Every structure is written in structure tokens, then in C-alpha cells.
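So the structure is just underneath, and the comments pick up after that.
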Amino acid sequence: MHTARVVSGMRPTGKLHLGHYHGVLANWLELQRNYRCFFFAADWHSLTTEYADTSGIKESTREMVLDWLAFGIDPQKSVIFEQSLVPQHAELNLILAMITPVSWLERNPTYKEMRENLTTKDLSTFGFLGYPVLMAADIILYKSTKVPVGHDQLPHLEITREIARRFNYLYGEVFPEPEALLTEMPKVLGTDGRKMSKSYGNAIFLSETAEETRKKVMSMVTDVQRPRRADPGEPDRCVAYSLNRTYIPAEKRAEIETACRGAQLGCVDCKKIQAEYLVETLAPFRAKREELAADPSLVTDLLTEGSRKASEEAARNMQEVRAALKL
Ligand code: TRP
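In terms of our numbering, the sequence shown opens at residue 4 and continues consecutively.
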């Protein structure tokens with residue numbers, strides 16, 4: 004076990020899909036094996052965009068955490084908690100807000116992009132501008148040294164580092180400067196060939212039924228340059244295959260590819276095979292999830308306990324912060 008500490012959060016957006024699995028969860032599982040990890044539901048971060056209707060956040064948190072647990076995020080190994088149950092995040096956020104120049108936040112590319120794209124919501128709030136300050140608080144509150152993030156979050160992590168540096172410069176060395184653990188996000192395609200995303204309606208959810216998954220795979224586009232069954236196909240152009248190949252064992256893949264290129268195997272039959280491998284891979288996790296979901300208080304209890312552990316750590320570090328500020 005390394006001494007490095009990992010902190011990572013996900014905004015609760017509800018049920019996770021295969022894109023989340025390959026993009027984030029698989030990586031968390033790997034980190035959990037090697038580091039002390041803090042994984043949390045960033046429900047206050049959800050408020051930055053969902054403040055006008057908060058009704059879905061609690062349920063989304065539960066669904067998300069059930070997916071984490073079913074896929075192997077383990078409360079025995081990692082601290083799993085809910086941001087809003089650890090008030091020190093807000094306390095540190097307030098202090099960091101005092102030392103963060105507004106210009107750092109205004110030039111944040113994610114901020115500009117989201118303000119332009121999310122036109123259905125009024126994002127001209129103090130809280131939305133301050134998103135990266137809260138994220139900095141999340142990270143340095145645990146003195147974490149490593150933060151697994153995708154490319155989209157890099158600007159936020161850069162701001163975190165700048166804030167930590169500024170704090171240390173003003174008040175003395177308290178926080179390590181966290182490093183990004185950049186994860187190569189495989190581009191997971193959704194059923195329509197675009198990037199898998201809940202908002203595109205093209206996602207295969209971790210917790211859906213086998214029947215739903217089969218239906219979605221069967222609806223997927225294949226190789227558009229193979230209009231007829233008798234035409235030879237190209238697996239590298241096939242949208243369905245791009246999603247499903249990772250679930251198929253290597254020998255079987257070789258067999259499928261040869262049969263596709265030789266026009267011996269049609270797309271409908273091929274997708275039936277692909278769907279079965281995907282469904283079979285997901286089956287044990289789905290069974291586990293169902294078992295966990297049957298207990299209505301499991302997630303609440305677990306988050307309460309995890310948040311208590313996180314608070315202990317946070318409280319110790321906040322004492323140092325208060326001392327450094329001479330308050
Ligand atoms: N901003 C992250 C996202 O949208 C979520 C997040 C909040 C986070 N706080 C964090 C990620 C701290 C890593 C560390 O995905």
C-alpha cells in the first residue's frame with residue numbers, strides 16, 4: 004500500500020452506464036487495490052446546476068452508490084461518503100473562497116463552456132462560478148496527493164493546485180499539492196454511435212435488465228458500409244462491435260472477425276452473440292446489485308458510517324487550518 008492518498012468524487016446523476024464503468028469505476032477499482040482512497044457523492048456540486056429542483060439528488064445518490072458497491076467499491080477498503088454529510092467541506096470552501104482570485108475562476112474553460120451550452124439553466128450564480136473552489140476543498144481537505152480525473156477535469160485540478168499553493172504561501176505549509184492521475188478514458192460508444200451519455204438516450208445502464216441490454220444491442224448500428232448480408236463487413240467500422248468487443252474472449256473475437264469479413268456471419272446473428280457476452284459479463288454484478296438494493300437502509304447506513312470516518316480525518320486537518328489562520 005502506497006502512502007499516497009486518493010480522493011475522487013462523482014456528482015450524483017443516477018444510474019451509471021457502461022461509459023462510467025470504463026471511464027471511472029474501473030479505474031477506482033484499480034486505485035482501491037493500491038492506495039488509501041476516499042470516494043464520495045458530490046451532492047453539493049450537483050446543487051451548482053440543480054439548485055432550482057433538488058428533488059432527484061437523494062435518489063440519484065442512492066442509485067449511484069449501489070452501482071459503486073455492486074461493481075466492487077468496497078467500504079472495508081475505501082472510505083465511501085456523501086459530501087453534504089461532512090460539513091468541513093463547506094468550512095474549507097469558505098476559507099479557500101477568501102484567497103481565490105475571481106479571475107482564476109472566470110478564465111476556467113469548463114465554466115465558460117457550460118455557461119454557453121447549458122442555456123436552459125441560469126448559471127450566473129456565485130456557487131456555479133465557485134465550483135472549482137469547492138472541488139479544491141474536497142481534495143485538499145484530506146491532504147490527498149493523487150486525484151484520478153479525466154481530461155475534462157484537468158483545469159479544475161490545476162486551480163486546486165494553485166489554491167493549495169496560495170494557501171501554503173499565505174499561511175504556512177499545510178497542504179500537499181495534489182497531482183492528477185490522468186486516466187485514459189476509452190471512448191465508449193452508445194447505441195447510436197455517439198459517445199455514451201445519459202442525455203443522448205443512447206446508454207446501456209449497469210443496472211438495467213438483461214432483456215433491456217439485449218434489446219439495445221440488437222438496435223445498434225453495425226458497419227454502415229455493409230448494406231447487404233452478402234457484403235463482406237469490417238469489424239473496425241462496426242459501432243456495435245466497438246462497444247462489445249471488450250466482453251468477448253480473444254479466440255471468439257478472431258472467429259467473429261473472420262466470419263464478418265468473409266460475409267459468413269450476418270450482423271443480426273453477430274449482435275446476438277455480442278449481446279450474450281455483454282449480458283453474461285454483467286450478470287454477477289447485476290445480481291449483486293439487486294441483492295444490495297433489496298435492503299432499503301443499506302446505502303444510508305453505509306454513507307453515514309463512511310461520512311463519520313471522513314469527518315474524523317477532515318476535523319483533524321481543519322484544526323491545522325484554523326491554527327495556520329490564527330483563528
Ligand atoms: N467535478 C467532478 C466531476 O464533475 C466531481 C468532483 C467534485 C470531484 N469534487 C471532486 C472529482 C473532487 C475529483 C475530486 O466529475
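For each residue, glycine too, the CB sits at the ideal point set by N, CA and C. Small disclaimer: the values here were computed from a predicted structure and weren't measured.
- With a cutoff of 7 Å, I142 counts as near the ligand TRP, since its C-beta is closer than that to a heavy atom of the ligand.
- Between R8 and P78, the alpha-carbon positions lie close to 16 Å from each other.
- If you look at I142, you'll find it in the alpha helix (DSSP H) that goes Y134 to I143.
- Rounded to the nearest angstrom, the Cβ distance from V220 to G196 is 13 Å, too far for a contact under 8 Å.
- Residue environment analysis places E294 among the exposed positions, since fewer than 16 neighbouring C-beta atoms fall within 10 angstroms of its C-beta.
- Under DSSP, A44 takes part in a beta bridge, and its partners are M13 and E85.
- Among the bridge pairs identified by DSSP, K198 is matched with L192.
- In the structure shown, L185 adopts extended strand secondary structure according to DSSP, grouped into three states.
- Between F170 and K146 a beta carbon distance of about 12 Å is seen, past the 8 Å cut, so the two are scored as non-contacting.
- Fully contained in the stretch 62 to 130 are the following beta strand (DSSP E) runs of length 3 or more, in chain order: 82 to 85.
- In this structure the stretch 9 to 20 touches the stretch 67 to 83; the number of beta carbon pairs closer than 8 Å is three or more.
- At the C-beta level, F288 and A44 stay beyond 8 Å of one another.
- For P287, the uninterrupted alpha helix (DSSP H) segment begins and ends at C270 to A296.
- Burial check for M101: the Cβ neighbour count within 10 Å stays below 16, so the residue is exposed.
- Following the DSSP letters along the chain, one finds P158 in no beta strand (DSSP E) but inside the alpha helix (DSSP H) bounded by residues L157 to Y174.
- Per the C-alpha coordinates, the member of E85, Q156 and R231 positioned closest to G269 is R231.
- Here the C-alpha atom of R264 lies approximately 10 Å from the C-alpha atom of D239.
- Measuring C-alpha to C-alpha distances from R217 to each of K124, L281, L137 and I83 identifies L281 as the nearest.
- The beta carbon of P189 is closer than 6 Å to those of H25 in its chain, skipping five residues each way along the sequence.
- Annotation for V242: the continuous alpha helix (DSSP H) segment containing it runs V242 to N247.
- Only buried fits K149, as 16 or more other CB atoms lie within 10 angstroms of its CB.
- Shown here, R319 sits in a helix according to DSSP, grouped into three states.
- No Cβ-Cβ contact shorter than 8 Å links L132 with W47.
- If you check the C-beta of S81 against the ligand TRP, you find no heavy atom less than 7 Å away.
- Straight-line spacing of the CA atoms in N205 and H20 works out to 10 Å.
- A direct Cα-Cα distance of roughly 14 Å separates Q277 from E254.
- When DSSP states are grouped into helix, strand and coil, K149 belongs to the strand group.
- Leaving aside the five residues that flank A266 on each side, the residues in its chain whose CB is nearer than 8 Å to its CB run, in chain order, R232, A233, D234, P235 and G236.
- If you draw a straight line from the Cα of E283 to the Cα of D125, it comes to about 44 Å.
- Under the three-state reduction of DSSP output, R311 falls in the helix class.
- The closest CA to that of P104, considering only E215, F84, E94 and P135, is found on P135.
- Per DSSP, the beta bridge partners of F208 are H20.
- For R311, the closest alpha carbon among the candidates S202, M199, T163 and Q86 is that of Q86.
- When the five nearest sequence neighbours on each side are left out, the beta carbons in the same chain lying within less than 8 Å of the beta carbon of L328 are those of I98 and Y174, in order along the chain.
- Our two residues, E109 and K115, have alpha carbons roughly 7 Å apart in a direct line.
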